[in-house]
Each structure stands twice: as structure tokens, then as C-alpha cells.
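Under the UniProt record's numbering, think of the first position of the sequence shown as 1, with each following residue one higher. Ideal Cβ positions, reconstructed from N, Cα and C, are used throughout, including at glycine. Please read the structure below before turning to the comments.
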Amino acid sequence: MLFERNNPYTTESLLAKADIQELITFERFSRDNSLWDSMRTCFADDAHINISWFSGSGEEFVESSKAMNRYAPHQIYNSQIWINNERAIAIMQATIQTRLSIDDVQMQLNSDAKIIYCLTKIENTWYIHHMECVYEKDSLTPVFPSSMTLEQQDFKSYRSSYACLSYCLNYLGYEVNHDLQGIDRPDALNTFYQHLDHWLTYRSDSLK
């Protein structure tokens, strides 16, 4: 079912798709604009989040995002949604953007990723049950023209799909999970997508 073309929408399924689209967009909007109470309402009580700098519950993710206190807006492109009864998967294509000072030079980090949302319908309302990213590529460039250069060897220990993101998070003092999903590990990624499909089609209740 996952990655297959959706059947023609009925009025009911079209409304469900609109609700899910609104939910995932609003979750990112709340994160980008420090609307922590609003962000909290997007997650199911048993939600789990697994991204570069964080792994834990939805509630912990909100609190950790608040404590992080960094402006890192998301440029959202397209989203694709698959719905099966009271479960759904949405894949959002986005660029994570932030600026930070490295050796007194203002730098721009852009990280391209697919944000994977697994959603459940509880008492007629959709909630985020699980969220993680598939990392694709990133870049780190000076905001203003500069002769600054970073040593290539500083990036060799990182995954190519999120090397710059990992470097910046480490620079800021955050530990990074180096075993996340990324296009540089296609076999593991295909297995991950199979697990998503099994969950979506009720062949499994686990997303691991």
C-alpha cells in the first residue's frame, strides 16, 4: 500500500487527508514559531520521536525543543499521504534551515530530509504516533562572502546524508545518532519502508 497510487478519493477520505495535512503542517509551524502548547496537542500520548538530536516521547520532544531555544524553520515542499482505516502515513519533503556562528563566522545550514509521520485516529481526531526523518543531503555555507574554510577531515566521520547537520549539532554540544535512516544506506532504508507498510496495513503494531 505504501508508495502505491491512492485510489480515487471519496468525500470521507478527502476530508481525512485534509485533516492529516493540516496536522503535520501545523506541528512544524508550531515548532518553528515556538508555539509549544499548540505543538503538544499534535502528539498521541504514546508518541515516539526519533531524529538527529533527540529520541523520546512527544511530550519530551516538545520540552526539549523548547529548551533548545534555536530558530530552525522548515521549508516545506510537498507531502504524500496514505490512509488505511485509523492509521495513516505522511511523508513530508522539507529543508531544515538554521544559522549559527562558527569561529565568529555566520553560517547557514540547510538539511534536506523526508519527515515521516505515522498517524493514528483516536476518537475521530488524528494524532502523530511516530515521527522520524530520512536524511538526504545537506550543506553548510557562509551567510556573507567569506574566505573561511572548514577542514574536510572534520566531516569524514559523519554520514554523507547528514554530515553538515551532525557537525553543527556536535559543535553546539548535542550528541547525534549516527544510525538514522538516510539515502546513503539504501538497504536499511528499504527495510524501514517495509516496516512502515506492515504497520499501515495492520500486519504489525510495531514500527521497529
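Counting pairs of Cβ atoms below 8 Å between the segment 96 to 109 and the segment 13 to 24, do you hit three or more?
The segment 96 to 109, when compared against the segment 13 to 24, does not touch it at the 8 Å Cβ threshold.
How far does the alpha helix (DSSP H) with residue 212 in it extend, from its first residue to its last?
This structure does not reach residue 212, given that the chain is present from 1 up to 208, and the question cannot be answered.
Contact belief for residue 212 with residue 76 at Cβ below 8 Å, rounded distance in angstroms
Examination of residue 212 is not possible in this model, given that the chain is present from 1 through 208 alone.
Rounding to the nearest angstrom, what Cα-Cα distance links residue 54 and residue 43 in this structure?
On the sequence shown, position 54 is the one that residue 54 refers to. On the sequence shown, position 43 is the one that residue 43 refers to. Distance between the alpha carbons of residue 54 and residue 43: 16 Å.
Straight-line gap, residue 102 to residue 202 (C-alpha atoms, nearest Å):
Numbered from its first residue, the sequence shown carries residue 102 at position 102. Numbered from its first residue, the sequence shown carries residue 202 at position 202. Residue 102 and residue 202: Cα-Cα distance of roughly 47 Å.
For the segment 21 to 38 and the segment 59 to 74, state whether three or more C-beta atom pairs, one from each stretch, are separated by less than 8 Å.
The answer is yes - the segment 59 to 74 touches the segment 21 to 38, with three or more Cβ pairs under 8 Å.
Alpha-carbon spacing of residue 7 relative to residue 115, whole angstroms
As a working note, residue 7 is residue 7 in the sequence shown. As a working note, residue 115 is residue 115 in the sequence shown. Approximately 23 Å between the Cα atoms of the pair.
Integer-rounded CB distance, given that residue 207 should sit under 8 Å from residue 1
By one-based count along the sequence shown, residue 1 stands at place 1. By one-based count along the sequence shown, residue 207 stands at place 207. Their Cβ separation, rounded to whole angstroms, is 15 Å, which puts residue 1 and residue 207 out of contact at 8 Å.
Please return the same chain residues whose Cβ sits closer than 7 Å to the Cβ of residue 81, not counting the five positions on each side in sequence.
Along the sequence shown, one-based indexing puts residue 81 at 81. Excluding residues within five positions, the ones whose Cβ falls inside 7 Å are 17, 20, 21, 88, 90.
Using the Cα positions of residue 3 and residue 166, report the straight-line distance between them to the nearest angstrom.
By 1-based counting over the sequence shown, the position of residue 3 is 3. By 1-based counting over the sequence shown, the position of residue 166 is 166. Cα-Cα distance, rounded: 29 Å.
Give me, in chain order, the residues of the same chain whose beta-carbon lies closer than 7 Å to that of residue 176; leave out the 5 immediate sequence neighbours on both sides.
Walking along the sequence shown from the start, residue 176 turns up at place 176. Taken in chain order, the residues that qualify are 52, 53, 166, 169, 170.
What does the alpha-carbon distance come out to for the pair residue 204 and residue 153?
Locating residue 204 in the sequence shown gives position 204, counting from the first residue. Locating residue 153 in the sequence shown gives position 153, counting from the first residue. Spanning the two alpha carbons is a distance of roughly 42 Å.
Euclidean distance between Cα positions of residue 119 and residue 83:
On the sequence shown, residue 119 is found 119 positions in, with the first residue counted as 1. On the sequence shown, residue 83 is found 83 positions in, with the first residue counted as 1. So the two alpha carbons sit approximately 9 Å from each other.
Exposed or buried, which one is residue 174 when buried takes at least 16 other CB atoms within 10 Å?
Position 174 of the sequence shown, counted from the start, is the residue given in the question as residue 174. Per the 10 Å Cβ criterion, exposed.
Distance between residue 122 and residue 86 (C-alpha atoms, nearest Å)
On the sequence shown, position 86 is the one that residue 86 refers to. On the sequence shown, position 122 is the one that residue 122 refers to. Looking at the two C-alpha atoms, the distance is approximately 8 Å.
Runs of alpha helix (DSSP H) wholly within the UniProt domain "SnoaL-like" (13 to 131) (minimum 4 residues, chain order):
Segments of the alpha helix (DSSP H) lying fully in the UniProt domain "SnoaL-like" (13 to 131): 36 to 40, 58 to 68.
Between the Cα of residue 125 and the Cα atoms of 141, 28, 132, 45, which residue gives the shortest distance?
Locating residue 125 in the sequence shown gives position 125, where the first residue counts as 1. Closest option to residue 125, Cα to Cα, is 45.
Opposing strand residues paired with residue 181 [DSSP bridges]
Locating residue 181 in the sequence shown gives position 181, where the first residue counts as 1. The beta-bridge partner set that DSSP reports for residue 181 consists of 134.
Are residue 130 and residue 48 close, meaning C-beta to C-beta below 8 Å?
Within the sequence shown, numbered from 1, the residue matching residue 130 stands at position 130. Within the sequence shown, numbered from 1, the residue matching residue 48 stands at position 48. Residue 48 sits close to residue 130, with the two beta carbons spaced by under 8 Å.
Quick one: what's got a C-beta closer than 7 Å to residue 185's C-beta in the same chain, skipping five residues either side?
Along the sequence shown, one-based indexing puts residue 185 at 185. Hits under 7 Å: none found.
Does the separation of the CB atoms of residue 128 and residue 113 fall below 8 Å?
Translated into the one-based positions of the sequence shown, residue 128 becomes position 128. Translated into the one-based positions of the sequence shown, residue 113 becomes position 113. In this structure, residue 128 lies away from residue 113, with their beta-carbon atoms at least 8 Å apart.
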